């Protein structure tokens, strides 16, 4: 068992209601710090689990039991250059050199908001590139892939539901009986 | 105005840090100790729910600290 840290962005319950936190508590989310940031509901989990994937989907399951919907998992798979620097514990200047091709070769190109002044990179591609340069550990690459997969699953409700049914079929059966 | 202190030292320290940065505390009762609000009260503002007895008190205290930090140095 390991302790996994990640945040779920959720929608649904009225965060001004008096029982807002209680519904998450009753669903087993007392290992999360709940906040409302820029109007969005955020649950920052420190969850025990055999793997990061299991920990994330058990949290998604609990959030659903609380009557909310998990929209995204963070740290987000899309990253700016500053976020890349932060995650890799490198200076922003060094990461800028990577991106401009002035240091290292074949740094991955951005994948989103490419035509804007604030492009975003796919953290999996960047993490792989940095792993090859020994700037990052393999476990960071694995975690990056899990976060990307989990976000893809959450974006497709059928896929997310299938994962939950497979992993938490027993608790779901109990839920239905109640 | 005196408020009751949180029974977990690390969490109380995080709340005091928030107050020093201009955050306000609204006490609750039961499992929810209270809600703390950032000085920005508009949509841009931030609210953190503080548990009375979180499953992992240390992690909860660290999360509160982290969110306070985020709220104070916005705009990177």
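Residue numbers (the numbering used here), protein chains in the order written: chain A, 1 to 178; chain B, 179 to 254.
Cβ coordinates follow ideal geometry from the N, Cα and C atoms, glycine included.
Quantities reported herein were computed from a predicted structural model and do not represent experimental measurements.
Which residue or residues does DSSP assign as beta-bridge partners of residue i?
{"i": "residue 191 (chain A)", "result": "This structure does not reach residue 191 (chain A), given that chain A is present from 1 up to 178, and the question cannot be answered."}
{"i": "residue 95 (chain A)", "result": "According to DSSP, which records beta bridges pairwise, residue 95 (chain A) is partnered with nothing at all."}
{"i": "residue 213 (chain B)", "result": "B:204 and B:227"}
{"i": "residue 73 (chain A)", "result": "A:8"}
{"i": "residue 48 (chain A)", "result": "A:3"}
{"i": "residue 78 (chain A)", "result": "A:122"}
Tell me whether residue i sits in a helix, a strand or coil according to DSSP, three-state version.
{"i": "residue 122 (chain A)", "result": "strand"}
{"i": "residue 3 (chain A)", "result": "strand"}
{"i": "residue 247 (chain B)", "result": "helix"}
{"i": "residue 188 (chain B)", "result": "helix"}
{"i": "residue 137 (chain A)", "result": "coil"}
{"i": "residue 112 (chain A)", "result": "strand"}
{"i": "residue 61 (chain A)", "result": "helix"}
{"i": "residue 68 (chain A)", "result": "coil"}
{"i": "residue 147 (chain A)", "result": "helix"}
{"i": "residue 102 (chain A)", "result": "coil"}
{"i": "residue 240 (chain B)", "result": "helix"}
{"i": "residue 26 (chain A)", "result": "helix"}
{"i": "residue 233 (chain B)", "result": "coil"}
{"i": "residue 16 (chain A)", "result": "coil"}
{"i": "residue 55 (chain A)", "result": "helix"}
{"i": "residue 182 (chain B)", "result": "coil"}
{"i": "residue 154 (chain A)", "result": "helix"}
{"i": "residue 90 (chain A)", "result": "coil"}
{"i": "residue 194 (chain B)", "result": "helix"}
{"i": "residue 199 (chain B)", "result": "coil"}
Are the Cβ atoms of residue i and residue j separated by less than 8 Å?
{"i": "residue 80 (chain A)", "j": "residue 118 (chain A)", "result": "yes"}
{"i": "residue 75 (chain A)", "j": "residue 147 (chain A)", "result": "yes"}
{"i": "residue 235 (chain B)", "j": "residue 188 (chain B)", "result": "yes"}
{"i": "residue 33 (chain A)", "j": "residue 241 (chain B)", "result": "yes"}
{"i": "residue 109 (chain A)", "j": "residue 129 (chain A)", "result": "no"}
{"i": "residue 201 (chain B)", "j": "residue 246 (chain B)", "result": "yes"}
{"i": "residue 59 (chain A)", "j": "residue 8 (chain A)", "result": "yes"}
{"i": "residue 53 (chain A)", "j": "residue 150 (chain A)", "result": "yes"}
{"i": "residue 145 (chain A)", "j": "residue 114 (chain A)", "result": "no"}
{"i": "residue 121 (chain A)", "j": "residue 163 (chain A)", "result": "no"}
{"i": "residue 35 (chain A)", "j": "residue 3 (chain A)", "result": "no"}
{"i": "residue 1 (chain A)", "j": "residue 39 (chain A)", "result": "no"}
{"i": "residue 243 (chain B)", "j": "residue 198 (chain B)", "result": "no"}
{"i": "residue 154 (chain A)", "j": "residue 44 (chain A)", "result": "no"}
{"i": "residue 94 (chain A)", "j": "residue 103 (chain A)", "result": "yes"}
{"i": "residue 10 (chain A)", "j": "residue 63 (chain A)", "result": "yes"}
Does the CB of residue i have a neighbour CB from chain E at under 8 Å?
{"i": "residue 246 (chain B)", "result": "In the structure shown, chain E does not exist; the protein chains are A and B."}
Check your understanding: Are the segment 22-32 of chain A and the segment 221-233 of chain B in contact at 8 Å, needing three or more beta carbon pairs?
Key -> yes
Practice item. Select from the segment 209-242 of chain B all residues with a C-beta closer than 7 Å to any C-beta belonging to chain A, and list them in chain order. Key: 209, 210, 221, 222, 224, 225, 226, 227, 229, 232, 233, 234, 237, 238, 241 and 242
**Study point:** Members of the segment 21-36 of chain A that neighbour chain B once the beta carbon cut-off is set at 8 Å
**Key:** 21, 22, 25, 30, 31, 33, 34, 35 and 36
Review point. Which residues, in order along the segment 145-163 of chain A, keep a beta-carbon less than 8 Å from a beta-carbon of chain B?
Key: none
Review point. Relative to chain B, which residues along the segment 33-62 of chain A have a C-beta separation below 8 Å, given in chain order?
Key: 33, 34, 35, 36, 37, 38, 39, 44 and 46
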